[in-house]
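Quick note on numbering: this note's numbering labels position 265 of the sequence shown as 1250, and the sequence is numbered without any gaps. Heads up, the beta-carbon is just placed ideally off N, CA and C, and yes, glycines get one too. The model shown is predicted, which means the values in this text are computed figures rather than measured ones. Each remark here refers to the structure printed beneath this line.
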Amino acid sequence: MKFKILKSIYDIGLETWRKLESPDFPFNDFEFFAALEDSGSIGKESGWHPVYLACSDETKGDVIVGILYSFVKQHSYGEYIFDWQWANFFQAHGIPYYPKLLTAVPFTPATGPRILVNSQCTDESAVRSLLIKAALQIATNSEMSSYHALFIEESEAPSFEAEGLAVRHSIQYHWHNRGYKDFQEFLNSLVGKRRRDIVRERSRANSHGLTIECLTGASLKPQHGAVMEALYQTTTDKKNAIAYLQTGFFERIFTRMADRIVLVLASKDGVPVAGALNFRKGKKLYGRYWGSFHSYQDLHFELCYYQTIDYAIQHGIEVFEAGAQGEHKIQRGFLPSLTWSAHKVFDRRFALPIEAFIKEEKAAIAAELRAMTGPYKVTGN
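Structure (structure tokens):
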């Protein structure tokens, strides 16, 4: 097997890429990466320069059997696994931290496969090893400071560790379907205070005279993409945040990925006022973007959590990941879950203290998880 470097997802092509996609992770889908490229959200001046590493099998006519998507990064924005302190550590010693090589879905803190392997491949471990080695080779040959792979699957961690990367832990909060028949049964599984709080929040959110609906598939129209783009831009402006996703991204995904989108939309007299954008694939649901043109008490919780949990129950979704951080999610039915990332700093003067930090951080996170109490009733002995 051998690898080659490609600069665009279009160099790989839809037919080849489709054979590598995950059955329950929409952010690896061809349409998602194509929308990022086509809208200019990655590439150009974004500081995210695509490097698609493709592994091909000469014995099968050089067919691509694996992909490791990576980016040459000139900054650490839009990653959600924070290494700003590492960059400052380098800078304090007069050594540049950027560029670095990064494997991640841009602007998307969701766990999923980072090494895409054709399901017909007979030696997945060899493909993984070759691609990780290739990424390390590219980073060192280009005199980059480091290589990082973010929100990898737990099953991928040993492959990265085998190539000398240190695995780092973080915490997110995920909702798990325990076979609930409806939202009320979910409520009944919570301790009394948490159950009452949710009922109170839902009552307030539904007292504003708004119409709330969950739209997906054929119910979605191109204009919904324009609404979501306006909501996204309004929210980033309010927070003085960076709008990572450029004009045209939402229109493209609403056109190309409608079957994988669940939009929870609130309207007043037929005019959209707020929305929460989720992606669905297989038995998983991912909350990604929220926006509101006006302020309505507790509407955020209703659209981003409760309506989406209700949808998940009705449609047999097993796991709902509601995005980065947010310990406040625990009281609303979400449980702390580990996430994994892998890191390799090439200069040993910096690598040793960073690896020591990762080890200490993992111990602290383990202690934090042990100390957390969930919102659910304790059953059994």
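Lysine 1269 sits close to valine 1304, with the two beta carbons spaced by under 7 Å. Inclusion of alanine 1251 and leucine 1195 in the CB contact set at 7 Å is warranted, their separation being smaller than that value. Taking isoleucine 1080 as reference, the option from Arg1334, Gln1282, Ile1315, His1285 with the minimal CA-CA separation is Arg1334.
For leucine 1116, same chain residues with a beta-carbon under 8 Å away, outside a window of 5 residues either side, are Phe988, Leu1038, Cys1040, Gly1051, Ile1052, Leu1053, Ile1100 in chain order.
A direct Cα-Cα distance of roughly 12 Å separates arginine 1273 from leucine 1288.
Counting along the chain, glycine 1276 sits inside the beta strand (DSSP E) bounded by residues 1269-1277. Inclusion of serine 1140 and tyrosine 1082 in the CB contact set at 7 Å is not warranted, their separation being larger than that value. Excluding its 5 nearest sequence neighbours in each direction, tyrosine 1229 has C-beta neighbours in its own chain below 6 Å: Gly1063, Phe1092, listed in chain order. In the structure shown, threonine 1093 adopts coil according to DSSP, grouped into three states.
Here phenylalanine 1010 is actually not in contact with histidine 1159; their C-beta atoms are around 14 Å apart, not less than 8 Å. For phenylalanine 1136, the uninterrupted beta strand (DSSP E) segment begins and ends at 1131-1137. By the C-beta criterion, the segment 1256-1269 is judged not to be in contact with the segment 1164-1174, since fewer than 3 inter-stretch pairs fall below 8 Å.
As for any alpha helix (DSSP H) of minimum length 4 sitting wholly inside the segment 1196-1248, the runs are 1207-1223, 1234-1241, ordered along the chain. Boundaries of the alpha helix (DSSP H) around alanine 1349: 1333-1356. Per DSSP, valine 1112 is one residue of the alpha helix (DSSP H) stretching across 1109-1126. Taking 7 Å as the cut-off, the beta carbon of isoleucine 1066 is found no closer than this to the beta carbon of leucine 1150. Close CB contacts of leucine 1121 within its chain, under the 7 Å cut and outside five residues either way in sequence, are with Tyr1132, Glu1148, Lys1329 (chain order). Cβ-Cβ distances below 7 Å link histidine 1034 to Gly1028, Phe1056, Val1057 in the same chain, with the five nearest sequence neighbours on each side left out; the list follows chain order.
At a Cβ-Cβ threshold of 7 Å, serine 1144 and arginine 1113 count as neighbours. At the C-beta level, aspartate 996 and glutamate 1006 stay beyond 7 Å of one another. Residue nearest to lysine 1206 within the set Arg1241, Arg1185, Gln1231 is Arg1241 (criterion: CA-CA distance). In this structure the segment 1280-1296 does not touch the segment 1216-1230; the number of beta carbon pairs closer than 8 Å is below three. Distance between glutamine 1310 and proline 1008, taken at the CA atoms: about 25 Å.
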